[in-house]
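These notes concern the structure reproduced below.
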Amino acid sequence: MSGSKFIPARKEGGQDTDSVNVSITVKATVEEIWRALTDPDDLENWWSDEVTLEPKVGGKFREAWEDDAGNEQLASGKVLSLTPKKTITFTWKEKSWEPKALTECTYLIEDKGKTRSLTVTHTGWDTLPEKSRAKMIKDFQLGWKYHMQELKAYLDDEG
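For the sequence shown, the positions run 29 to 187 when the working numbering is used.
Structural data, given as structure tokens:
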């Protein structure tokens with residue numbers, strides 16, 4: 029798959045951790061990438077008009093969708109930290125999850141000269157029940173791969 033790759037996170041000693049990491053490489057500017065991640069009009073063009081990510085500490089994250097069975101789903105969280113045009117970290121909790129379950133997502137933008145890379149890292153899976161953890165990680169890996177490919181296509185079309 030061109031332009032997007034799954035990068036398994038590693039612990040010391042080479043053991044996999046419960047982390048999803050997906051990266052894309054684009055020619056878009058850092059400013060264009062940041063806007064695509066945080067501007068409602070841009071988010072609508074590559075993700076959904078039901079996604080909000082307010083680029084300020086304490087800002088709201090929200091995604092609403094219908095699952096395959098037609099049930100309404102909701103993920104929400106808040107921005108924990110950010111460095112504009114570089115990185116943003118926010119919590120992610122789904123309505124259907126147990127009360128203590130809470131994960132974190134971080135977007136990292138890196139300028140590589142002629143291209144830029146964007147990596148999303150989704151961690152905190154140990155807060156979910158062990159019996160469903162592996163499936164959730166796999167599902168989110170596929171979901172992030174899909175969304176990052178959509179973002180890459182959007183950014184490449186804009187340039």
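Glycine residues also receive a C-beta, built at the ideal position from the N, C-alpha and C atoms.
| Asked | Found |
| --- | --- |
| Does the beta-carbon of L179 have 16 or more other beta-carbons within 10 angstroms, so that it is buried, or is it exposed? | buried |
| Between the alpha carbons of K33 and W153, how many angstroms are there, rounded? | Low confidence applies to K33: its pLDDT is 46, below 50, so where it sits in the model is not reliable enough to give any reading. |
| Of all the options A64, D95, E94, which has the alpha carbon lying nearest to the alpha carbon of T80? | A64 |
| DSSP has W125 in a bridge; who is on the other side? | DSSP, once it has assigned bridges, lists no residue as partnering W125. |
| Tell me the rounded alpha-carbon separation between K106 and K166. | 24 Å |
| At the level of alpha carbons, what is the spacing between E202 and W62? | Here the chain comprises residues numbered 29 to 187, so residue 202 is not present and cannot be evaluated. |
| Let me know the secondary structure DSSP gives T143 once reduced to three states. | coil |
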